[in-house]
Amino acid sequence: MTAALVKMFSIEYLFRECNMHKHALGVELYTPIIVSGKPIVNVVALKVECSDKEAQIWACNALNQVNTNTGVYSFLVSDATGDPHSPHIIKIDLQNIKQISYI
1 MTAALVKMFS
11 IEYLFRECNM
21 HKHALGVELY
31 TPIIVSGKPI
41 VNVVALKVEC
51 SDKEAQIWAC
61 NALNQVNTNT
71 GVYSFLVSDA
81 TGDPHSPHII
91 KIDLQNIKQI
101 SYI
């Protein structure tokens, strides 16, 4: 029997790419979330919303290649139209992330 390949995405990776490097990331989800009243499975992550203390911890973890692959975190994302000028703050469970791509 072959084990299924499961991709794991860490909050440190998302924080490093979105907050430290200022990249927007395309995030595909397994289960739809509600944005602007509509269920969607693809969002554009603009920023991980966090306190200064969390930012310090995640930056240190990212530099030390520590990965936290579980949890529910707040993200600033574009709405269903993909408009970055109309962002929403939503919670995403890292286990619900199917794929991440650079925009």
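Read left to right, the sequence shown gives residues 1 to 103 (our numbering).
Where a beta carbon is used, it is the ideal one built from N, C-alpha and C, also for glycine.
Bear in mind the structure is a predicted one, so any value in this text is a computation, not a measurement.
When the Cα atoms are used, residue 45 and residue 26 turn out to be separated by approximately 6 Å. Residue 73 has its alpha-carbon roughly 14 Å from the corresponding atom of residue 19. In the three-state DSSP reduction, residue 19 falls in the helix class (H, G or I). Exclusion of the five residues before and after residue 71 leaves 11, 94 as the residues of its chain whose Cβ lies within less than 7 Å of its Cβ.
Counting only runs of 3+ residues, the beta strand (DSSP E) found wholly inside the segment 28-89 occupies 38-49, 72-77, in chain order. Within a 10 Å sphere around the beta-carbon of residue 66 sit fewer than 16 other beta-carbons, which makes this residue exposed.
The beta carbon of residue 99 is closer than 6 Å to those of 28 in its chain, skipping five residues each way along the sequence. Here the C-alpha atom of residue 40 lies approximately 6 Å from the C-alpha atom of residue 34. Residue range 97-102 is occupied by the beta strand (DSSP E) that includes residue 99. With respect to residue 47, residue 75 sits close: the two C-beta atoms are nearer than 8 Å.
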